[in-house]
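So for the sequence shown, the working numbering puts the first residue at -12; every next one is plus one. Worksheet: the structure to be examined is printed underneath.
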Amino acid sequence: MTVAALIVAAGRGTRAAGAAGGPKQYVPLAGHAVLWHTLRAFVTHAAVDAVQVVIHADDRDLYADAIAGLPSAKLLPPVPGGATRQASVRAGLEALSHHAPRHVLIHDAARPFLGADVLDRLIAALTGHDAVLAAEPVADTLKRASAGGIIAGTVDRAGLWRAQTPQAFAFRAILDLHRQAADAGRHDFTDDAAIAEWAGTPVLLVEGSSRNSKITTAEDLRMAERLMGQSSTAGAMEPRSGTGFDVHRFEAGDAVWLCGVRIPHTHKLEGHSDADVGLHALTDALLGAIGDGDIGQHFPPSDPKWKGAASHLFLEDAARRVRARGGRIVNVDVTLLCEAPRVGPHRDAMRAAVARMLGIDASRVGVKATTTEGLGFTGRREGIAAMAAASVMLPSDAA
Ligand code: MG
């Protein structure tokens, strides 16, 4: 392993969440958690081999939700952090030591706008330097204030830089320095470059990016939302559509399930689940729209767990998969093909049932029916067929 990334996401900072609460790295930003955007910069960078995230022990569920839809091949299992940022970085370094990377990029979870250009500059600078820091020259005039808020002087800003992350190091060197610092009773370093400075290791400054700022307050988050909206790829949504088709044959019985509604009939539909042919076609349409296999792959008929299952479980699962990608369902439409039973009297109940399962308004659900003029298996009343279409909006870079 050549380059590993270590993302520090164990903090408890909640100011950005406002009334919603929760640590800032899990707050939604343009359809995903802040952490999702941060991790995306690393897992999609060709030179990064593995990504180790350090999380708070209480956040395992938040983390699992946050990474949904992200390419996962480079993501190592998260490890729990410590009481301070320094302790959390140490925990991540110790976990990474089993993989013995040559270099490590240490980055704050709350900086979701890291560009590939900054990563390129840091990785290039690691050839010849053991410690490299992304930073921006200070542009504002700096004032020193006395007690009472009166200016005591103007600080010469020449040579002053604002430290960002990532901070990049020779892995073995920074691991050893973290161990030495802890052994020396130093637990107060707020960044890793400071540990290198403390040990006398030269730290090279490379150009960061003004976009690579840290989200701390609710105002930062609002600014970040606007920035995401302007970005050409991140946060942009695009329409996707999918189709589905299903058939179930009649067998002896007294009612059929169609689009979540039980309709008394001369037969029932044969199937491993409740055989709701309409919901099955809709499930496949949604899965098709997001390119995520089909109903038989996620709920194999060979699995006894799904024997007699209510088909709303399948459709609700497909809707969850759309949401996990940061997507939303625009509309769905289903056509039932049968001579009987008559669908018209149940149409509104079906639309309401499907809308409930998908968490959308009933105006976005179409249910139609047709006979096949006595032709074919549906015309011979041997079974019912259903076809469906679904339209969803997905982030244009969704995996
Ligand atoms: Mg089926």
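C-beta atoms are modelled at their ideal positions from N, C-alpha and C, and glycine is treated no differently. Since the model is a prediction, treat every value here as computed from it, not as a measurement.
Own chain partners of residue i with C-beta closer than 6 Å, once the 5 adjacent residues on each side are dropped
i: ASP271; result: GLY231, ASP281, ILE282
i: ALA377; result: GLY229, ALA272, LEU273, ALA276, VAL319
i: LEU381; result: ARG227, ARG312, GLY314
i: ALA168; result: ILE182
i: PHE176; result: GLN73, ILE182
i: ASP396; result: Nothing about residue 396 can be read from this structure; the chain reaches only from -12 to 386.
i: GLU225; result: SER383
i: ALA53; result: TYR13, ALA20, LEU22, TRP23
i: THR25; result: ALA96, PRO99
i: TYR50; result: ILE42, PRO65
i: ALA28; result: LEU101
Nearest-angstrom Cβ-Cβ length linking residue i and residue j, presumed shorter than 8 Å
i: VAL30; j: LEU62; result: 7 Å
i: ARG236; j: GLU369; result: 6 Å
i: HIS43; j: GLY68; result: 6 Å
i: THR203; j: ARG2; result: 6 Å
i: ALA(-9); j: GLN39; result: 6 Å
i: VAL21; j: VAL41; result: Incorrect: roughly 15 Å between the Cβ atoms, too far for contact.
i: LEU(-7); j: VAL76; result: 7 Å
i: ASP95; j: VAL14; result: With 8 Å as the limit, ASP95 and VAL14 do not qualify as a contact, their Cβ atoms being about 14 Å apart.
i: ASP233; j: VAL264; result: 5 Å
i: LEU324; j: ILE371; result: 7 Å
C-beta neighbour in chain B for residue i, strict 8 Å
i: VAL35; result: Absence of chain B from the displayed structure is noted, only one protein chain being present.
Alpha-carbon to alpha-carbon, residue j and residue i
i: ALA297; j: GLY258; result: 11 Å
i: HIS333; j: HIS252; result: 13 Å
i: SER219; j: GLU212; result: Note that SER219 has pLDDT 46, beneath the 50 cutoff, so the model's placement of it is unreliable and no number is given.
i: VAL341; j: VAL330; result: 15 Å
i: LEU57; j: GLY295; result: 33 Å
i: LEU191; j: ASP107; result: 15 Å
i: PRO328; j: ALA373; result: 14 Å
i: MET215; j: ALA17; result: 7 Å
i: THR365; j: THR357; result: 10 Å
i: PRO291; j: HIS32; result: 42 Å
i: GLY0; j: ASP45; result: 14 Å
i: LEU109; j: HIS285; result: 42 Å
i: ASP335; j: GLY240; result: 24 Å
i: VAL105; j: ILE93; result: 13 Å
i: PRO189; j: ALA55; result: 39 Å
i: GLY115; j: ILE316; result: 51 Å
i: HIS254; j: ALA(-3); result: 57 Å
i: GLY363; j: TRP293; result: 30 Å
i: PRO124; j: LYS201; result: 16 Å
i: GLU81; j: ASP127; result: 39 Å
i: PRO288; j: GLU206; result: 50 Å
i: PRO64; j: MET210; result: 31 Å
i: GLY146; j: TRP185; result: 19 Å
Spatial neighbours of residue i in its chain, beta-carbon cut-off 8 Å, leaving aside the 5 residues before and after
i: GLY140; result: LYS130, ARG131
i: PRO406; result: With the chain covering -12 to 386 only, the question about residue 406 has no answer from this structure.
i: ILE138; result: LYS130, ARG131, ALA132
i: GLU326; result: THR358, THR359, GLY361, THR365, GLY366, ARG368
i: GLY353; result: ASN318, VAL319, ASP320, VAL321, ARG338
Contacting residues, own chain, Cβ-Cβ under 7 Å from residue i (five flanking each side not counted)
i: HIS19; result: GLY313
i: ALA262; result: HIS235, TRP244, LEU256
i: HIS299; result: GLY247, LEU266, MET344
i: SER350; result: none
i: GLY187; result: none
i: ALA150; result: LEU120, ALA122, ASP178, ALA180
i: HIS86; result: MET(-12), ALA(-9), ALA37
Legend entry - Cβ contact (3+ pairs, closer than 8 Å) linking the segment 143 to 154 and the segment 112 to 128: yes
Legend entry - alpha helix (DSSP H) runs wholly inside the segment 278 to 310, at least 4 long, in chain order: 282 to 285
Inset, instruction - Check whether the segment 170 to 182 touches the segment 100 to 115, taking contact to mean three or more Cβ pairs, one atom from each stretch, closer than 8 Å. - result: no
Inset, instruction - Entirely within the segment -2 to 38 and at least 4 residues each: give me those alpha helix (DSSP H) ranges in chain order. - result: Every alpha helix (DSSP H) stretch that sits fully inside the segment -2 to 38 and reaches 4 residues is listed by chain position as 21 to 30.
Inset, instruction - For ligand 2, list every residue whose C-beta falls under 5 Å from any of its heavy atoms, going in chain order. - result: Among the ligands present in this structure, namely ligand 1, ligand 2 is not found.
Legend entry - Start-end ranges of the alpha helix (DSSP H) lying completely within the segment 126 to 173, minimum 4 residues: 158 to 170
Inset, instruction - Kindly confirm or deny that the segment 195 to 207 and the segment 342 to 349 touch, where touching means at least three C-beta pairs closer than 8 Å. - result: no
Inset, instruction - For the segment 219 to 271, list the alpha helix (DSSP H) runs that are entirely contained and at least 4 residues long, ordered along the chain. - result: none
Legend entry - Sequence ranges, beta strand (DSSP E) only - wholly within the segment 316 to 349, length at least 3: none
Legend entry - In chain order, each alpha helix (DSSP H) run of at least 4 residues that lies wholly inside the segment 40 to 66: 47 to 53
Legend entry - Every unbroken beta strand (DSSP E) inside the segment 82 to 113 [3 residues or more]: 90 to 95
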